[in-house]
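Counted the way this note's numbering counts, the sequence shown spans residues 938 to 1194.
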Amino acid sequence: SERKEHPDLLILTQQNNTIRIAEVRRLIEWLTYKPYMAKRKVAVIPNAHYMSTEAANALLKVLEEPAPDVVLLLTADLETLPATVISRCQVIRFRALMPNELEEILLERGGIEPDLSHNIAELSSSPQQALDMAEIDFAGVQQMADKLLRKLAEGDRLEAYELAERLEKDDIQRDALLLVLEVFIRDALFFVKGLADQMILMPVDLAKKMAPVGVDGLASHIRLIGKTRRDLARNGNSVLNQVNLYLKIADSLKEVV
(Lines of atoms letter the chains of each structure in order from A and count residues from 1; the text may use other names and numbers.)
(Lines give C-alpha, C1' and ligand atoms only; values in the text may rest on other atoms or scores of the structure.)
Protein backbone atom coordinates (compact mmCIF):
# COMPACT_ATOMS: atom_id res chain seq x y z
CA SER A 1 0.00 0.00 0.00
CA GLU A 2 1.10 3.58 -0.64
CA ARG A 3 2.43 5.55 2.26
CA LYS A 4 0.53 8.78 2.85
CA GLU A 5 3.43 10.03 4.96
CA HIS A 6 7.14 9.44 4.65
CA PRO A 7 9.07 9.11 7.92
CA ASP A 8 11.90 11.28 6.58
CA LEU A 9 9.71 14.10 5.27
CA LEU A 10 8.13 16.84 7.37
CA ILE A 11 5.99 19.65 5.96
CA LEU A 12 5.47 22.39 8.50
CA THR A 13 1.86 23.39 9.04
CA GLN A 14 0.53 26.86 9.75
CA GLN A 15 -2.59 28.28 11.33
CA ASN A 16 -4.24 31.54 10.33
CA ASN A 17 -1.32 32.52 8.10
CA THR A 18 1.10 32.31 11.03
CA ILE A 19 3.95 29.89 11.72
CA ARG A 20 4.54 29.98 15.45
CA ILE A 21 7.62 29.10 17.45
CA ALA A 22 5.99 25.88 18.69
CA GLU A 23 5.87 24.50 15.13
CA VAL A 24 9.50 25.45 14.50
CA ARG A 25 10.61 23.83 17.76
CA ARG A 26 8.80 20.65 16.73
CA LEU A 27 10.68 20.73 13.43
CA ILE A 28 14.03 21.27 15.17
CA GLU A 29 13.39 18.32 17.48
CA TRP A 30 12.41 16.15 14.50
CA LEU A 31 15.68 17.04 12.76
CA THR A 32 17.73 15.69 15.66
CA TYR A 33 16.80 12.11 14.71
CA LYS A 34 18.68 10.21 12.03
CA PRO A 35 16.93 9.35 8.72
CA TYR A 36 14.80 6.22 8.98
CA MET A 37 14.50 5.09 5.36
CA ALA A 38 16.19 7.65 3.11
CA LYS A 39 19.73 8.98 3.04
CA ARG A 40 18.52 12.40 4.12
CA LYS A 41 15.68 14.00 6.04
CA VAL A 42 13.76 16.72 4.23
CA ALA A 43 11.83 19.49 6.00
CA VAL A 44 9.65 21.86 4.01
CA ILE A 45 8.41 25.20 5.33
CA PRO A 46 5.78 26.56 2.92
CA ASN A 47 5.19 30.31 3.11
CA ALA A 48 8.14 30.77 5.45
CA HIS A 49 7.48 34.52 5.46
CA TYR A 50 4.57 33.75 7.80
CA MET A 51 7.00 32.81 10.58
CA SER A 52 6.69 34.97 13.65
CA THR A 53 9.85 36.82 14.68
CA GLU A 54 10.40 34.31 17.49
CA ALA A 55 9.94 31.36 15.11
CA ALA A 56 12.37 32.80 12.57
CA ASN A 57 14.99 33.44 15.25
CA ALA A 58 14.62 29.90 16.57
CA LEU A 59 15.38 28.53 13.11
CA LEU A 60 18.58 30.52 12.53
CA LYS A 61 21.07 28.10 14.12
CA VAL A 62 19.66 25.14 12.17
CA LEU A 63 19.91 27.12 8.94
CA GLU A 64 23.47 28.18 9.73
CA GLU A 65 24.75 24.74 10.73
CA PRO A 66 22.45 22.07 9.25
CA ALA A 67 23.35 18.43 9.76
CA PRO A 68 24.87 16.79 6.65
CA ASP A 69 21.87 14.47 6.31
CA VAL A 70 19.29 17.29 6.47
CA VAL A 71 17.73 19.31 3.66
CA LEU A 72 15.61 22.36 4.54
CA LEU A 73 13.38 23.85 1.86
CA LEU A 74 11.70 27.21 2.46
CA THR A 75 9.21 28.74 0.06
CA ALA A 76 8.68 32.42 0.69
CA ASP A 77 8.07 35.94 -0.50
CA LEU A 78 11.61 37.31 -0.21
CA GLU A 79 10.36 40.82 0.47
CA THR A 80 8.72 39.71 3.70
CA LEU A 81 11.30 37.15 4.86
CA PRO A 82 13.76 38.41 7.52
CA ALA A 83 17.21 39.21 6.15
CA THR A 84 18.77 37.01 8.85
CA VAL A 85 16.97 34.01 7.35
CA ILE A 86 17.73 34.89 3.73
CA SER A 87 21.46 35.30 4.44
CA ARG A 88 21.62 31.70 5.71
CA CYS A 89 19.90 30.18 2.67
CA GLN A 90 20.74 29.53 -0.96
CA VAL A 91 18.14 31.52 -2.87
CA ILE A 92 16.56 29.93 -5.93
CA ARG A 93 14.18 32.23 -7.78
CA PHE A 94 11.21 30.92 -9.73
CA ARG A 95 9.37 32.81 -12.43
CA ALA A 96 6.05 34.15 -11.26
CA LEU A 97 3.09 32.82 -13.20
CA MET A 98 1.47 35.21 -15.65
CA PRO A 99 -2.12 36.34 -14.96
CA ASN A 100 -3.45 34.21 -17.84
CA GLU A 101 -1.77 31.13 -16.31
CA LEU A 102 -3.29 31.85 -12.90
CA GLU A 103 -6.68 32.43 -14.54
CA GLU A 104 -6.43 29.03 -16.22
CA ILE A 105 -5.74 27.37 -12.85
CA LEU A 106 -8.80 29.03 -11.32
CA LEU A 107 -11.05 28.08 -14.22
CA GLU A 108 -9.84 24.47 -14.15
CA ARG A 109 -10.73 24.32 -10.48
CA GLY A 110 -14.32 25.16 -11.37
CA GLY A 111 -17.05 27.00 -9.53
CA ILE A 112 -15.60 30.45 -10.24
CA GLU A 113 -17.11 32.94 -12.67
CA PRO A 114 -14.80 33.89 -15.58
CA ASP A 115 -14.88 37.62 -14.75
CA LEU A 116 -14.01 36.91 -11.12
CA SER A 117 -11.23 34.52 -12.17
CA HIS A 118 -9.79 37.23 -14.40
CA ASN A 119 -9.77 39.86 -11.64
CA ILE A 120 -8.28 37.51 -9.05
CA ALA A 121 -5.58 36.39 -11.49
CA GLU A 122 -4.64 40.02 -12.19
CA LEU A 123 -4.18 40.66 -8.47
CA SER A 124 -2.46 37.45 -7.37
CA SER A 125 1.24 36.69 -7.36
CA SER A 126 1.01 32.91 -6.86
CA PRO A 127 -1.41 30.01 -7.39
CA GLN A 128 -1.95 29.65 -3.63
CA GLN A 129 -2.78 33.33 -3.24
CA ALA A 130 -5.20 33.11 -6.16
CA LEU A 131 -6.91 30.06 -4.66
CA ASP A 132 -7.13 31.74 -1.25
CA MET A 133 -8.70 34.81 -2.85
CA ALA A 134 -11.22 32.60 -4.63
CA GLU A 135 -12.36 31.20 -1.27
CA ILE A 136 -13.48 34.56 0.10
CA ASP A 137 -16.25 36.97 -0.88
CA PHE A 138 -14.07 38.88 -3.33
CA ALA A 139 -16.85 41.24 -4.43
CA GLY A 140 -17.44 42.00 -0.75
CA VAL A 141 -13.76 42.85 -0.27
CA GLN A 142 -13.89 45.22 -3.26
CA GLN A 143 -16.93 46.94 -1.75
CA MET A 144 -15.09 47.17 1.58
CA ALA A 145 -12.09 48.88 -0.06
CA ASP A 146 -14.36 51.18 -2.05
CA LYS A 147 -16.34 52.20 1.05
CA LEU A 148 -13.17 52.79 3.10
CA LEU A 149 -11.58 55.13 0.56
CA ARG A 150 -14.82 57.06 0.05
CA LYS A 151 -15.25 57.49 3.81
CA LEU A 152 -11.66 58.64 4.20
CA ALA A 153 -12.11 61.08 1.32
CA GLU A 154 -15.14 62.51 3.16
CA GLY A 155 -13.08 62.96 6.33
CA ASP A 156 -14.83 60.10 8.15
CA ARG A 157 -12.11 58.26 10.09
CA LEU A 158 -14.39 56.07 12.18
CA GLU A 159 -14.54 53.51 9.36
CA ALA A 160 -10.76 53.03 9.64
CA TYR A 161 -10.97 51.98 13.29
CA GLU A 162 -14.09 49.83 12.86
CA LEU A 163 -12.67 48.01 9.84
CA ALA A 164 -9.31 47.35 11.50
CA GLU A 165 -11.01 45.84 14.54
CA ARG A 166 -13.40 43.79 12.41
CA LEU A 167 -10.54 42.22 10.44
CA GLU A 168 -8.15 41.76 13.37
CA LYS A 169 -8.62 37.97 13.48
CA ASP A 170 -9.47 37.40 9.81
CA ASP A 171 -6.01 37.25 8.25
CA ILE A 172 -7.11 36.07 4.82
CA GLN A 173 -9.79 38.73 4.33
CA ARG A 174 -7.53 41.43 5.78
CA ASP A 175 -4.71 40.48 3.42
CA ALA A 176 -7.16 40.46 0.52
CA LEU A 177 -8.37 43.94 1.47
CA LEU A 178 -4.82 45.30 1.56
CA LEU A 179 -4.13 43.75 -1.83
CA VAL A 180 -7.30 45.29 -3.31
CA LEU A 181 -6.41 48.66 -1.75
CA GLU A 182 -2.99 48.46 -3.36
CA VAL A 183 -4.57 47.79 -6.76
CA PHE A 184 -7.09 50.60 -6.23
CA ILE A 185 -4.29 53.07 -5.46
CA ARG A 186 -2.31 51.83 -8.45
CA ASP A 187 -5.41 52.34 -10.60
CA ALA A 188 -5.65 55.91 -9.31
CA LEU A 189 -2.00 56.37 -10.27
CA PHE A 190 -2.75 55.14 -13.79
CA PHE A 191 -5.68 57.57 -13.92
CA VAL A 192 -3.52 60.52 -12.90
CA LYS A 193 -0.94 59.59 -15.54
CA GLY A 194 -3.62 59.49 -18.24
CA LEU A 195 -3.60 55.68 -18.45
CA ALA A 196 -7.19 55.02 -17.38
CA ASP A 197 -7.41 52.12 -19.86
CA GLN A 198 -4.98 50.18 -17.64
CA MET A 199 -7.16 50.44 -14.53
CA ILE A 200 -8.32 47.06 -13.17
CA LEU A 201 -10.73 47.58 -10.28
CA MET A 202 -11.17 51.17 -9.13
CA PRO A 203 -14.31 53.00 -10.32
CA VAL A 204 -13.48 56.14 -12.29
CA ASP A 205 -15.40 58.43 -9.93
CA LEU A 206 -13.32 57.16 -6.99
CA ALA A 207 -10.12 57.59 -9.00
CA LYS A 208 -11.11 61.23 -9.49
CA LYS A 209 -11.45 61.64 -5.71
CA MET A 210 -7.95 60.18 -5.21
CA ALA A 211 -6.31 62.04 -8.10
CA PRO A 212 -5.51 65.26 -6.17
CA VAL A 213 -3.13 63.25 -3.96
CA GLY A 214 -0.80 63.27 -6.97
CA VAL A 215 1.73 60.85 -8.38
CA ASP A 216 4.20 61.07 -5.49
CA GLY A 217 1.49 60.71 -2.85
CA LEU A 218 -0.15 57.72 -4.52
CA ALA A 219 3.23 56.03 -5.07
CA SER A 220 3.97 56.60 -1.38
CA HIS A 221 0.67 54.91 -0.45
CA ILE A 222 1.55 51.87 -2.57
CA ARG A 223 4.89 51.53 -0.77
CA LEU A 224 3.18 51.97 2.60
CA ILE A 225 0.61 49.26 1.83
CA GLY A 226 3.45 46.92 0.87
CA LYS A 227 5.25 47.70 4.13
CA THR A 228 2.05 47.12 6.11
CA ARG A 229 1.56 43.73 4.47
CA ARG A 230 5.16 42.78 5.30
CA ASP A 231 4.79 43.92 8.91
CA LEU A 232 1.58 41.92 9.32
CA ALA A 233 3.22 38.85 7.78
CA ARG A 234 5.80 39.12 10.58
CA ASN A 235 3.01 38.96 13.13
CA GLY A 236 2.79 42.69 13.72
CA ASN A 237 -0.09 44.33 15.57
CA SER A 238 -2.99 43.93 13.16
CA VAL A 239 -5.22 46.78 14.35
CA LEU A 240 -2.37 49.28 14.86
CA ASN A 241 -0.78 48.59 11.46
CA GLN A 242 -4.10 48.86 9.65
CA VAL A 243 -5.18 52.07 11.41
CA ASN A 244 -1.80 53.73 10.77
CA LEU A 245 -2.13 52.95 7.07
CA TYR A 246 -5.73 54.12 6.74
CA LEU A 247 -5.11 57.36 8.64
CA LYS A 248 -2.07 58.23 6.51
CA ILE A 249 -4.25 57.85 3.43
CA ALA A 250 -6.87 60.04 5.13
CA ASP A 251 -4.25 62.68 5.96
CA SER A 252 -3.11 62.87 2.33
CA LEU A 253 -6.70 63.35 1.18
CA LYS A 254 -7.29 66.04 3.80
CA GLU A 255 -4.22 67.96 2.67
CA VAL A 256 -5.51 68.30 -0.90
CA VAL A 257 -9.11 69.19 -0.07
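Built from N, CA and C at the ideal position, the CB exists for glycine as well.
Please read these numbers as outputs of a predicted model, since none were measured by experiment.
Looking at C-alpha atoms only, which residue of the options is the closest neighbour of residue i?
i, options, result
"residue 960", "970, 944, 981", "981"
"residue 1163", "1150, 1145, 947, 1117", "1117"
"residue 1141", "1100, 1087, 1190, 1113", "1087"
"residue 967", "1023, 1165, 1006", "1006"
"residue 1033", "1058, 1046, 1027", "1058"
"residue 1081", "1052, 1115, 1031", "1115"
"residue 990", "1018, 1123, 978", "1018"
"residue 1038", "1055, 1143, 1180", "1055"
"residue 1089", "1148, 1125, 1189", "1189"
"residue 1003", "970, 1127, 1016", "970"
"residue 1062", "1015, 1025, 1101", "1015"
"residue 1155", "1167, 1129, 1135, 1138", "1129"
"residue 956", "974, 977, 994, 1075", "994"
On the three-state DSSP scale, how would you describe residue i?
i, result
"residue 955", "strand"
"residue 1090", "helix"
"residue 1120", "helix"
"residue 1133", "helix"
"residue 943", "coil"
"residue 1029", "coil"
"residue 1057", "helix"
"residue 1049", "coil"
"residue 948", "strand"
"residue 969", "coil"
Please classify residue i: is it buried, with 16 or more other beta-carbons within 10 angstroms of its beta-carbon, or exposed?
i, result
"residue 1200", "Outside the shown range of the chain (938 to 1194) lies residue 1200, about which nothing can therefore be said."
"residue 987", "buried"
"residue 1174", "exposed"
"residue 984", "buried"
"residue 905", "Residue 905 is absent from the model: the chain starts at 938 and stops at 1194."
"residue 1183", "buried"
"residue 940", "Caution applies to residue 940, whose pLDDT of 41 falls short of 50 and renders its modelled position unreliable; the model cannot decide the point."
"residue 1097", "buried"
"residue 945", "buried"
"residue 1040", "buried"
"residue 1052", "exposed"
"residue 1119", "buried"
"residue 1112", "buried"
Where do the N-terminal and C-terminal ends of the alpha helix (DSSP H) with residue i fall, by residue?
i, result
"residue 1020", "1020 to 1023"
"residue 999", "990 to 1001"
Identify the continuous beta strand (DSSP E) that holds residue i and give its terminal residues.
i, result
"residue 1042", "First-last for residue 1042: 1036 to 1046, but that is the alpha helix (DSSP H), not the beta strand (DSSP E)."
"residue 978", "978 to 982"
"residue 1009", "1007 to 1011"
Quiz prompt | alpha helix (DSSP H) runs wholly inside the stretch 1142 to 1191, at least 4 long, in chain order | solution = 1151 to 1170
Quiz item: In the stretch 1061 to 1115, which residue ranges form an unbroken alpha helix (DSSP H) of at least 4 residues, counting only runs that do not cross its ends?
Solution: 1064 to 1072, 1075 to 1090, 1095 to 1103
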